[in-house]
Structures are given as structure tokens and as C-alpha cells.
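Peer 1: Line order of the protein sequences matches chains A and B. In terms of our numbering, the first sequence is residues 1 to 223. In terms of our numbering, the second sequence is residues 1001 to 1410. By construction, the Cβ of each residue, glycine as well, lies at the ideal position given by its N, Cα and C atoms.
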Amino acid sequence: MEKIRAEQVSYTYQTKYQKVQAVKNATCSFEQGKIYAITGESGSGKSTLLSLLAGLDLPTSGEIYVDGEPMRGKNRDIYRQKEASVVYQAFHLLPLLTVAENVMLPMEMNKVPRTERRERAIQLLHSVGLSDDMYEKFPKMMSGGEQQRVAIARAMAAGGKILLADEPTGNLDSKNEQNIVDILVSLAHEKDYLVIVVTHNQMVAQRTDMVYRMKDGVLLQQV
Amino acid sequence: MFVFLLATALKNIRRYWRKSVLYTLICVIAVLTLQIYISNIDKTEKQLKQLPQAIPVSACIANLNGEKIAALYIPEEIVQGLLDSSHVEKEKLKVLLLGAVGDFPLEEWKTHLTLPVVGTNTLASLDGLDADTVTWLPGYGPEVLADAEPVCVADTSLMEANGWSLGDSFPLNLYYYRYGNYNELFYDPLEIVDYRIVGQVNLKAVAAEVFPPEIIIPFDAVRVSYHRQGIEFFADSASFTVSDPLNLNDFKAEMKALGLSPINPAAEFVDNKGNSLLVDDVTFINAATRLQESLSLLKGFLPLLVAVLAAIGYFVSYLIIQNRRDEYAVLRLLGLGKVKSMELYFIEIALITLGGSMIGALIATSLDIGNMMVGAMVMGIFFLCFTSGSVAALWRLGKTNVMLALTQMD
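#1: List the residues that DSSP assigns as beta-bridge partners of B:CYS1060.
#2: What alpha helix (DSSP H) runs, 4 residues minimum, are completely inside the region 1092 to 1179 of chain B?
#3: Helix, strand or coil for A:GLN8? Go by DSSP, reduced to three states.
#4: In chain order, what residues of the same chain lie with their CB nearer than 7 Å to the CB of B:GLY1102, ignoring the 5 residues before and after it?
#5: Which residue comes first and which comes last in the beta strand (DSSP E) that contains B:GLY1335?
#6: Residues of the region 24 to 52 of chain A in Cβ contact with chain B at a cutoff of 9 Å, in chain order, please.
#7: Under 8 Å, Cβ to Cβ, is there at least one residue of chain A near B:LEU1334?
#8: By the three-class DSSP mapping on this structure, what secondary structure does A:LYS16 have?
#9: Take B:ILE1026 and list the residues in its own chain whose beta-carbon comes closer than 8 Å to its own, dropping the five residues that flank it on each side.
#10: Taking A:ILE152 as the reference, which of A:GLY43, A:GLU7 and A:ALA84 has the closest Cα?
#11: Rounded to whole angstroms, what is the Cα-Cα separation between A:MET214 and B:ASN1012?
#12: Taking the alpha carbon of A:ASP88 as the reference point, which residue from A:ARG207, A:MET210, A:VAL197 and A:GLN221 has its own alpha carbon closest?
#13: Could you please give the first and the last residue of the uninterrupted beta strand (DSSP E) stretch that includes A:ARG213?
#14: Counting contacts by CB-CB distance shorter than 8 Å, is A:HIS200 in contact with chain B?
#15: Measuring CB to CB, does A:ASP166 end up less than 8 Å from A:SER44?
#16: So who's on the other strand from A:GLY40, going by DSSP bridges?
#17: Compute the beta-carbon to beta-carbon distance between A:THR169 and A:VAL204, rounded to the nearest angstrom, for a pair I have assumed lies under 8 Å.
#18: Between which two residues does the alpha helix (DSSP H) holding B:ASP1220 run?
#19: Counting pairs of beta carbons, one from the region 1059 to 1075 of chain B and one from the region 1257 to 1268 of chain B, are three or more of them closer than 8 Å?
#20: Classify B:THR953: buried if its beta carbon has 16 or more other beta carbons within 10 angstroms, exposed otherwise.
#21: Please confirm if A:ILE78 has its CB atom under 8 Å from at least one CB of chain B.
#22: Considering Cα atoms alone, identify which of A:ASP67, A:ARG76, A:SER186 and A:ILE35 is closest to A:SER51.
#23: Which one of B:LEU1048, B:LYS1043 and B:ASP1042 has the shortest CA to CA distance from B:ASN1286?
#24: Applying the criterion that 16 or more other CB atoms from any shown protein chain within 10 Å of the CB defines a buried residue, is A:LYS3 buried or exposed?
#25: Would you list the one or two residues that DSSP bridges to B:PHE1186?
#26: Going by DSSP, what residue range makes up the beta strand (DSSP E) through A:VAL198?
#27: Are the CB atoms of B:VAL1374 and B:ILE1038 within a distance shorter than 8 Å?
#28: Any Cβ of chain A within less than 8 Å of the Cβ of B:VAL1021?
#29: At which residues does the beta strand (DSSP E) containing A:GLU190 begin and terminate?
#30: Answer yes if the region 103 to 117 of chain A comes into contact with the region 1004 to 1018 of chain B, meaning at least three C-beta pairs across the two stretches below 8 Å, and no otherwise.
#31: So, helix, strand or coil for B:GLU1191, using DSSP?
#32: Check the C-beta distance from B:PHE1240 over to B:ALA1059 and give it rounded, since I have them as a contact under 8 Å.
#33: Among B:LYS1340, B:TYR1345, B:TYR1073 and B:TYR1179, which one has its Cα closest to the Cα of B:LYS1273?
#34: Run through chain B and tell me which residues come within less than 8 Å of A:PRO106, C-beta to C-beta.
#35: In whole angstroms, what separates the C-alpha of B:LEU1034 from that of B:ASP1084?
#36: Does the distance from the CB of B:TYR1187 to the CB of B:TYR1195 come in under 8 Å?
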């Protein structure tokens, strides 16, 4: 079932010195329950495309549809609050919040009752392989792999079924990289998430259901 | 959502406690500074308001060159104008008369017409007379002089000489003086009226008076006698206090309308007409001018101070928020809207600003710098200035491109 569709999406942004067309007429679609990879060299526009799919900005031209509804007509903040989540290479955990507080933050925004929040947070952290003694730790006390798991748990906390990951294993060693990819694949195949991973790592791409390749802002499809 | 924002803001204040303490200290210092400044303005305004009590402005009627302030010819219109004026208070009016006890043959005037009589509205018009030394008939007091009842205060020795006691009445034969065409002095009969003695004092001891009176009667009682006899009334001297020296121009304009011109010390021809005004206002004007200049300066700088506070609010908020740009990007990533994100930071800044300004106001009040009202006003001004600066800083934050910010953080 098609969940997200991008049609002739282009994105141009202005830096201090020049105008950059990061994405050129990209057309692609993504189904629920599958894991996709978008690969390409640095600067190919893959992270930009991912950000557009996350609703962080609108395409300069073209349209992105989520469940058939155009992104332009959606409240993109609510979309990221309830439907889609993003994890990044740098984890982006709030440093002054504990692990449990980081995971509970999306639930607080969604007005999940206080009594339920902690229980659900613990479940999510268990599901990504973290033990109870991690909950009151701060992010800087944890390894990269552990931080990324917390980020994934936080992404799941909102309850949405779309997970976008931008180089999620970029800062990890091979063992942690494997573990994270296992989690992402499991989310797609076992928990019916739509997972889209931006990566330049072929090993990661090989574990996905479909690979899109980007070159100079142009999206190409590979099986 | 507001509960979430408030709870998160409070948690952030606790999490970033060093910055929160620093920001609070800045608020306390700023509020103290502002309170001192505004208290200065308040004090100066109060000083200006109380200046008339501290430096009363007195005035009196004089002749044209200001050399004579007594034995004048002050027409009744001017006297009445002074009494009716809202710019005049504590009037001291006098009319000098000569008196005798009962009627007498005109050719014996030198023998009988020997009593100096003063008609006045207040004992204060008699320099050197201590009003507390007057013995009054029960039921009477110095206020009788403000009425027109034919009562009098008599000199003790006069009473002894005539065998009078308090409460006795006697026929007072009054003569008024007038000036002839060549300034010669004449005395003409006014009226014989029975006056009751209601007060007794040693008037001869009133050394400040050139011709101390032996009988004091109410000023308006004399006016009544003049009116009854169809004679044009005039007063001998009039002095008073300006009720609102801060409106001296209005007072002088009214006096001019009454027919009183400023004295002209260079005037060559001098007569006895009481048609000029001598105002002792130099000290008051100098003091008031200094205070008004201070006040203008203080008030003039106030907008600048307010702008400086707003700028400080902007820069302090900007520095605080700038360091949390990453946090802002993450919150936006998690779906907290742009407006809600800025509300979160605004609530945090507002809470610290409110707390800091309250502490500053309390410290100022405990150090007796201004009062509660000034403190409340200062808090309000400061809160508005600082938060308006913060709003400007937040507006800048809101222009952050979240997508680029998150990518750069990678």
C-alpha cells in the first residue's frame, strides 16, 4: 500500500553566495511495511529529499503526497508529531534530558497521560535493546550505538508509522551499525513501519527492500 | 499544550540553572537601577509639589515704587478681589482708624481721639503679637476677627484705666483717615458702634508695630460701618500667601486683572495708592526652576533608559536562545510548531524576567528605594522592555531554517 509519493519534486535553496538546486524533478513512491534506501555521494541531495519527505520544508516545485493528501495542505508540524519521525547521524538527543525524558518528550507533546508515559517509554527502550539501568542516564554517558537506539525509541514514541533515517549508522562501528540496521528492518517487516534510510553505505542499502540512487539531485531507481 | 509549555519551561529553567541564575541577576540589577532612577523622578516630583510648603511665596500690596506697604489707600475692589481669588490664601488685611470712647465735642478731638484702632481679619497681621497671650471671653477665640460682629480685643491697660472687664460693651467712636490732594492727612468721623470686649491682651508690648493699637476690631465690621455710612472703603495694608506658587503666572495675571501692577522701583512720582504688587518669589522660582530642570533631564533620559533596557533584554535573550538553536531545531523536528516553540522560550524568559524583577523590586523596597507603587510600576516597565527585546530575539530564532540547521548539526 502506497504511503508516500513524490511527484516531480524539486528543491532549490539560497546560500549566502549562491542558489543551489539540491533536488531535481524527483519522482518516487514508498509503501507501508517496507524499508527503502536512498544512496548517493555526499552532496547528491539525498538528505534534502529525506527532509522534504519529513515535511521539514516544502518542495520548490512538484508535490509530495502522504496517504494521497498533498503535503502542502497538511499541518507539517502535526505530521511530524503524529505520523513521521526522523533519526539523524548525530542522534539529536536533548543533552540535558535523561534517556527516559528524551523518549517521553513526543508523548508529552501528544498529551499522553503521565502514568502511561513512563511505562510506554520503558517498553520502547526494551524494544530497541536497552536495559532498565539506562533510563536515568544522560545521553553523553552512553555510546553512539546506545544513543541511536534511544533516538529510534523516541521516533517510535509518537506513535506514527513512518521512520526516516538520515545516515543513522554514520557515527557507529560495524557491530552497532549491524544492530541498528536490524532494528530498522525489524520495524519495517515486523511492525509495518515505512522506513526510509539515507545512506552511502552499500551494506546498509543491501539490507533494504528497494534502493533509490541520487546523483546531482536527480533520483534514479535501482532494485 | 500550555501546561506542557509551562512545565517544560520550568524544567528548562532548572536544567539551565547557571544561565537562569545569571539572567535573574541581570534582571535584579536592571530593576534596581530602574527603580533608583524612577524613585529619583518620584522624589523630585514630590519635592516640587511640596516646595510651596517649604518655601512659601508671600506677597503684599505696595505703592508704585514698593517703598510703602502700609498706610496705603487700597480700594475695596482690590480687597474683595484678593478675598475672592483662588490664588490667594492666609490674607492679612488691616485698616487703621482712630477711636474714642463715646461721643465728644469736635473741638475736643485732641483730648478724646486718642485710641489707635486696627481693623483686621487675623491677629497674625500684627507683627510681634503672640496670639496665645490673648485672654478670651469663654465662647470666643481669634476666629471672631474673621466675622463682622462688633466685638473687640482691648489692651489690658486701657481696660484697667476704664474699669472694663471681659464681656463689657462700650461705644467706640471711629474715625477714618484720608489723604488730601497734597498728601496731607485728615481724619473724618466714621461711626459710633457699641463694641463688646471679648479679648484682652497687652497690646503695648507688641513692639514690632510702629503705632501699637489699643483696640483690635474685625476687618469686616469696619467695612460694614463704611457701607452703612456710604463712605468708600479702603484698606491700609494687605499681605497674603500665594496658594499655588507653581502657577505664579496665572496668579500674576489675575492680580494684573485686579488692577495691581508689578512694582516699579524706578518710579519717580510716588503716592499712597496701593496699586502695586510686591511678590517675594525669587527663592521659590530659583528652587522650582532647579527642580524642574532636574525633572526634565530625568524624564528626558527615561525613553533612552527604556530603550537600553529593551536592548539588554534583546541581547541577553539572544545570547541565551542562540545557544539553544540546536534544541529549537530538534523540538521542531519532533513536531512542536514554530509558534509553540517560541512560546516555550518566551515563557521561560518571561518567568525568569518576572522572578528577577520581583526580587529586584523587593530588594529596592527593603532598601527604602521608592515605595510599593513605584516598585510595581518599575516591574511593569522593566518586564515590558525586557520581554519586547526578547520577542525580537525570538523572532530572529524563528527565522531559522530547521532543515539546514539539522543538517549542519550533523
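Peer 2: Concretely, from the data shown:
#1: B:SER1239 and B:LEU1278
#2: 1109 to 1112 and 1156 to 1162
#3: strand
#4: PRO1171 and ASN1173
#5: Note, B:GLY1335: premise wrong, no beta strand (DSSP E); not H, not E.
#6: SER47, THR48, SER51 and LEU52
#7: yes
#8: coil
#9: ILE1312, VAL1316 and GLY1356
#10: A:ALA84
#11: 41 Å
#12: Checking the displayed sequence, the identity of residue 88 of chain A turns out to be Tyr instead of Asp. Checking every option, the nearest Cα to that of A:TYR88 belongs to A:VAL197.
#13: 210 to 215
#14: no
#15: no
#16: A:MET214
#17: 6 Å
#18: 1219 to 1229
#19: yes
#20: The displayed coordinates of chain B run from 1001 to 1410. Any statement about residue 953 of chain B would go beyond what the structure contains.
#21: yes
#22: A:ARG76
#23: B:LEU1048
#24: buried
#25: B:ARG1178
#26: 194 to 198
#27: yes
#28: no
#29: That residue, A:GLU190, is in no beta strand (DSSP E); its alpha helix (DSSP H) goes 174 to 191.
#30: yes
#31: strand
#32: 6 Å
#33: B:TYR1073
#34: LEU1334 and GLY1335
#35: 45 Å
#36: no
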